[in-house]
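**Q** Have a look at this one.
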Amino acid sequence: MSSTTANVKPAAVRSKRANTDRLVLAIIGYTTLTILALFCIFPFILVVSSSLSEESTIIEKGFQIFPSAFSTEAYSLLFKYPADMLRAYGVTISVTAIGTIVGLFLTSMTAYVLSRSDFKWRSRFSFFFFFTTLFSGGLVPWYLMIVNYLHLKDTLLVLILPMLLNVFYIIVMKSFMSSIPDAITESAKIDGAGDFRIFMQLIVPLSKPALATIGLFIALAYWNDWYNALLFISKSELMPLQYYLYKMLGNMDGMRKAMMASGAVVNTDLPTESLKMAMTIVATGPILLAYPFIQKYFVQGLTIGAVKG
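Per this note's numbering, the sequence shown starts with residue 14, numbered consecutively.
Have a look at this one:
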């Protein structure tokens with residue numbers, strides 16, 4: 014009886030100690046994550062605050078967490094021509110939606126073919142894809158091909174086609190699809206299913222985490238792209254949002270420098286710094302709103318290939 018009681022007491026002590034250790038670990042973990050989250054959200058709060066501050070206050074006191082002089086002049090200037098802003102938004106949303114859907118479809122199909130062990134040419138095709146990441150033709154041949162041979166200048170296609178395929182995304186998708194058991198595709202073939210049906214009805218549903226992750230990366234690339242518009246777009250009605258904001262900021266800086274060169278008094282209330290912050294909010298707002306809906310799949314996609322305990 015005494016030996017049983019003696020055995021129970023150490024077990025209770027070990028359980029209590031384990032619970033204490035677990036509690037301490039949880040406190041340390043949550044405290045660390047809270048501090049890291051505050052460090053991550055601090056720059057965004059600073060951007061929002063600066064976009065709502067007067068230009069003279071930013072020049073005099075610098076960027077502040079809480080605006081000492083509240084002003085919406087930067088947003089008033091940004092939306093001075095609302096039709097142009099909405100048109101730029103429409104172009105960017107259209108290009109991002111079409112490019113993400115088509116690019117994700119082509120990326121997943123290419124990765125599926127390269128992941129098939131019964132495709133005897135997959136090693137050679139993989140080499141051709143990888144080779145393009147090491148060498149390129151250069152800017153001038155690429156520009157001549159787009160303008161003189163494909164005749165895509167001043168079209169929406171020039172904003173979509175150059176970014177449809179990314180070799181890195183193909184490699185990531187291929188690695189994920191290679192982890193799907195071959196028995197799934199083999200059983201479907203026995204039932205008479207073709208390759209495209211296997212891909213659409215079996216592989217795609219099983220690849221949702223990878224598709225969500227790669228889809229987010231493709232969408233961000235299209236949303237933030239301004240370089241292709243700089244090279245190939247001259248019509249104002251085809252300007253995407255990022256290039257429209259880039260030109261607006263360039264015009265503002267040019268006007269400020271012209272005033273300084275002419276000896277005129279530069280108005281310190283001219284919202285230059287606050288306008289940059291307002292542009293950041295306008296450009297990143299839709300992405301921040303869309304991210305929570307795909308966060309679950311995005312987190313799953315980031316853990317692809319992680320070592321399991």
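We put the beta carbon where it would ideally sit given N, CA and C, even for glycine.
1. Along the chain, where does the alpha helix (DSSP H) containing Arg135 start, and where does it finish?
2. Identify the residues that DSSP records as bridge partners of Phe83: which are they?
3. Is the distance from the Cβ of Leu51 to the Cβ of Ile78 below 8 Å?
4. Who are the Cβ neighbours of Met176 in its own chain at under 8 Å, not counting the five residues just before and after it?
5. If you draw a straight line from the C-alpha of Asn161 to the C-alpha of Ser247, how long is it?
6. Taking 8 Å as the cut-off, decide whether the C-beta atoms of Phe142 and Ile183 are in contact.
7. Residue ranges of each alpha helix (DSSP H) run of no fewer than 4 residues wholly in the region 215 to 243, ordered along the chain?
8. Could you tell me the boundaries of the alpha helix (DSSP H) in which Ser121 lies?
9. Quick check on DSSP: helix, strand or coil for Phe209?
10. Taking all protein chains shown into account, do 16 or more other C-beta atoms lie within 10 angstroms of the C-beta of Ser16, making it buried, or fewer, making it exposed?
11. Please classify Lys321 as buried or exposed, where buried requires at least 16 neighbouring CB atoms within 10 angstroms.
12. Note down the Cα distance separating Val185 from Ile114, rounded to an integer number of angstroms.
13. Nearest-angstrom Cα distance between Leu302 and Leu165?
14. Compute the distance between the beta-carbons of Ser128 and Ser287, then report whether it is under 8 Å.
15. Is the beta carbon of Ala124 sitting closer than 8 Å to the one on Met213?
16. In the structure shown, what three-state DSSP assignment does Pro299 receive?
17. Count the other CB atoms, across all protein chains shown, that sit within 10 Å of the CB of Ile173; report buried if there are 16 or more and exposed otherwise.
18. Which class does Ile193 belong to by DSSP, given the choice of helix, strand or coil?
19. What is the C-beta distance between Thr105 and Leu224, in whole angstroms, given that I count them as a contact (C-beta under 8 Å)?
20. Terminal residues of the continuous alpha helix (DSSP H) containing Pro154?
21. Judging by CA-CA distance, which residue of Gly298, Thr146, Leu90 is the nearest neighbour of Val10?
22. Check whether the region 89 to 98 and the region 205 to 212 are in contact - that is, three or more C-beta pairs closer than 8 Å.
23. Name the two residues that bound the continuous alpha helix (DSSP H) containing Val160.
24. Who are the near neighbours of Thr293 in its chain, counting only those whose CB is closer than 6 Å to its CB and skipping five residues on each side?
25. Does DSSP classify Met252 as helix, strand or coil?
**A** This is what the structure gives:
1. 135 to 144
2. Ser66
3. no
4. Gly112, Gly116, Ile231, Ala234, Tyr235, Asp238, Asn241
5. 16 Å
6. yes
7. 221 to 237
8. 95 to 128
9. helix
10. Since pLDDT at Ser16 reaches only 49, below the 50 mark, its modelled position is unreliable, and no value is offered.
11. Its pLDDT being 41, under 50, Lys321 is placed unreliably by the model, and nothing is read from it.
12. 17 Å
13. 32 Å
14. no
15. no
16. helix
17. buried
18. coil
19. Contact flag wrong, Cβ pair sits at about 22 Å.
20. 152 to 157
21. Because the chain in this structure spans residues 14 to 322, residue 10 falls outside the shown range and cannot be described.
22. no
23. Where Val160 is concerned, there is no enclosing alpha helix (DSSP H), given that its DSSP letter is neither H nor E.
24. Val60
25. coil
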